[in-house]
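Note sheet for the following structure.
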Amino acid sequence: MKTALSISQLETEFKSSDFVLKTQHQIAKDFGTSGIEFTTAFFTAPLSYLELINSVGEKLGQIMTLGETQTLQLLYRIDIPQQDFLALATDTEFIQKMSILIIRREAYKIYLRSVYK
Numbered sequence: 001m002k003t004a005l006s007i008s009q010l011e012t013e014f015k016s017s018d019f020v021l022k023t024q025h026q027i028a029k030d031f032g033t034s035g036i037e038f039t040t041a042f043f044t045a046p047l048s049y050l051e052l053i054n055s056v057g058e059k060l061g062q063i064m065t066l067g068e069t070q071t072l073q074l075l076y077r078i079d080i081p082q083q084d085f086l087a088l089a090t091d092t093e094f095i096q097k098m099s100i101l102i103i104r105r106e107a108y109k110i111y112l113r114s115v116y117k
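Next comes the structure, spelled out in structure tokens:
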């Protein structure tokens, strides 16, 4: 079984504002367990893909200031493989690329719930 949606599948799913909101809720839930909170607007208005990348990137930056342990715990909770994290660890665009991986993984969870309900 694949661990993420393809870019084309993600683009198709993101045409649904309901799917985007469910993905945003899942992201907020997982970040919330690490003490990182999103604004109320994050729960009520679907963001564009670029806005979502920026928002997740901002929160990812916040958790990274708490330390490596908290960051790794969050990525484990979201189910980002350690090899993906390590592959990006020295990338100058780490925050953006990791944000995309997080969004894709969280969207995949929502997608699976819709397919197997």
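This note's numbering numbers the first residue of the sequence shown as 1 and each following residue consecutively.
Glycine included, C-beta positions come from ideal geometry on N, C-alpha and C.
Take residue 75, set aside five residues on each side of it, and the residues of its chain with a beta-carbon closer than 7 Å to its own are 85, in chain order. Per DSSP, reduced to three states, the secondary structure at residue 59 is helical.
The C-beta distance from residue 53 to residue 103 rounds to 7 Å, short enough to fall under 8 Å. In this structure, the CA atom of residue 97 is about 21 Å from the CA atom of residue 22. For residue 87, the uninterrupted alpha helix (DSSP H) segment begins and ends at 82-88.
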